[in-house]
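Using this note's numbering, the final residue of the sequence shown is 217, and nothing's skipped along the way.
Yeah, the Cβ is synthetic: ideal placement off N, Cα and C, and Gly gets one too.
Bear in mind that the values here come from a model prediction, so they are computed numbers and not experimental data.
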Amino acid sequence: MEKKKRETVPKKATQTPVLGRKRDPSLDASILKATIEMLAEEGFDGMTMDKIAIKVGTGKAACYRRWPSKVKLVKDALIWMNRNQLELEKIPDTGSLRNDFLAILKPHSMEEANAKLRVLGGLGTFWLDEEIEKKGITEIFGPWTEMNRTLIQRAMDRGEISKKANVNLVCKVLNSMATYRALIERKPPDKTLFIALIDQVVMPALKNPG
């Protein structure tokens with residue numbers, strides 16, 4: 008008997024998925040940096056996504072793919088600016104909470120301090136956005152809260168301050184003072200004032216909570 012030829016079923020072609028262009032982290036940083044610079048130069052109301060794209064040398068679409076609005080871009084740029092002032096991977100550990108707080112303060116040139124002051128002072132109608140009005144300050148100063156909370160919790164663990172200390176309240180006080188100094192008084196950071204705040208308000212509150 009003649010054997011039937013075995014039919015060969017063609018294998019289904021494997022389709023290679025078409026991948027989109029990978030996001031370039033360096034472009035993210037360039038956009039955030041350009042945003043901070045433009046806030047210092049023109050303020051929130053004067054800057055546009057078009058101007059940012061031109062300053063970076065990219066297309067406006069690249070900005071909108073990352074941030075759907077100018078408000079969200081500015082919020083992330085401010086968080087980025089504050090995070091860059093800190094080294095969260097190198098949290099100071101002097102064995103004393105007071106000294107840890109002081110170790111956070113980096114010596115900034117007057118030019119850098121004034122640039123940050125112009126950024127914060129030029130935010131204008133940014134604060135009128137509903138989302139920013141509700142939790143903008145908390146998110147923008149999040150890196151500082153993260154750092155302060157770590158220092159305070161560590162001091163609590165080693166018995167330097169009371170276990171009943173209101174950590175959240177102290178973090179809010181520190182952020183509120185920094186915000187008031189920049190937005191209301193329109194003055195650069197002052198080390199003498201910060202030391203007084205630590206010695207006369209923060210440390211007593213942490214050691215002897217009511």
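Whole-angstrom distance between residue j and residue i, CA atom to CA atom
i, j, result
"Ala-84", "Lys-40", "7 Å"
"Asp-197", "Gln-92", "15 Å"
"Ser-183", "Pro-75", "29 Å"
"Arg-90", "Glu-153", "10 Å"
"Asn-175", "Gly-102", "22 Å"
"Leu-213", "Glu-137", "33 Å"
"Asp-100", "Gly-53", "42 Å"
"Arg-161", "Ala-120", "29 Å"
"Pro-24", "Asn-173", "With a pLDDT of only 43 at Pro-24, under 50, the local geometry of the prediction cannot be trusted, and the value read off the model is given with reservation. Cα to Cα, the separation comes out at about 53 Å."
"Leu-158", "Ile-98", "8 Å"
"Ile-111", "Ile-139", "27 Å"
"Lys-194", "Gly-50", "17 Å"
Proximal residues to residue i (C-beta, below 7 Å), its chain only, five neighbours per side dropped
i, result
"Ile-43", "Ala-84, Met-88 and Val-126"
"Lys-67", "Met-56, Asp-57 and Ala-60"
Buried/exposed call for residue i, threshold 16 Cβ in 10 Å
i, result
"Asn-215", "exposed"
"Asp-57", "exposed"
"Leu-135", "exposed"
"Asn-106", "exposed"
"Arg-188", "buried"
Residue from the options with nearest C-alpha to residue i
i, options, result
"Ala-47", "Val-63, Ala-122 and Ile-98", "Ala-122"
"Val-81", "Lys-170, Leu-190 and Ile-147", "Ile-147"
"Leu-124", "Phe-133, Glu-192 and Asp-164", "Glu-192"
"Ala-185", "Ser-37, Leu-204 and Val-63", "Leu-204"
"Asp-35", "Lys-170, Lys-194, Met-163 and Gly-64", "Gly-64"
"Trp-151", "Cys-178, Gly-128 and Phe-133", "Cys-178"
Beta-carbon contacts of residue i that lie in its chain and below 6 Å, excluding the five residues immediately before and after
i, result
"Ala-20", "For Ala-20, the predicted structure reports a pLDDT of 41, less than 50, and the residue's modelled location is therefore unreliable. The matter cannot be settled from this model."
"Arg-72", "none"
"Ala-69", "none"
Proximal residues to residue i (C-beta, below 8 Å), its chain only, five neighbours per side dropped
i, result
"Lys-10", "For Lys-10, the predicted structure reports a pLDDT of 47, less than 50, and the residue's modelled location is therefore unreliable. The matter cannot be settled from this model."
"Ile-144", "Asn-182 and Thr-186"
Any non-hydrogen atom of the ligand FAD closer than 8 Å to residue i Cβ
i, result
"Pro-75", "Absence of the ligand FAD is noted for the structure shown, with no ligands found whatsoever."
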